[in-house]
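Asks:
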């Protein structure tokens, strides 16, 4: 099985994230590990809300994310970087997004709110 990320590459850019996670047949899943209030303010289209405590505690990824690489995102990249280590230690193919949702918004990529309207990267 071919790996989406090299052994040494644990971080991806916002542009790489879009390529890996956009569309119905995207090779990777985008778990958003921010707090509920941050998630409610805005998220990347197609992201799955998975609080940071889940990957750190060893909880299995959501069903939609199993057997697929994970591109983990948070607000600025710090929490997602912490989450990737435990995931990789359990054999999950994972990378985190450099700069997180803030970088995504700054790059002009869509951030949607709960009703599908424009959201913020809180």
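Numbering (this note's numbering), first residue to last: 34 to 155. Using N, Cα and C, we set each Cβ at its ideal position, and we do this for glycine too.
#1: Can you name the start and end residues of the alpha helix (DSSP H) that residue 73 belongs to?
#2: Would you identify the three-state DSSP class for residue 101, choosing helix, strand or coil?
#3: Just to confirm, are residue 155 and residue 100 a CB contact at a threshold of 7 angstroms?
#4: Distance, Cα to Cα, residue 62 vs residue 47?
#5: Tell me the rounded alpha-carbon separation between residue 146 and residue 126.
#6: Is residue 80 buried or exposed, if buried means 16 or more other CB atoms sit within 10 Å of its CB?
Replies: Taking the coordinates as given:
#1: 69-74
#2: coil
#3: no
#4: 14 angstroms
#5: 28 angstroms
#6: Burial of residue 80 is indicated by the presence of at least 16 other C-beta atoms within 10 angstroms of its C-beta.
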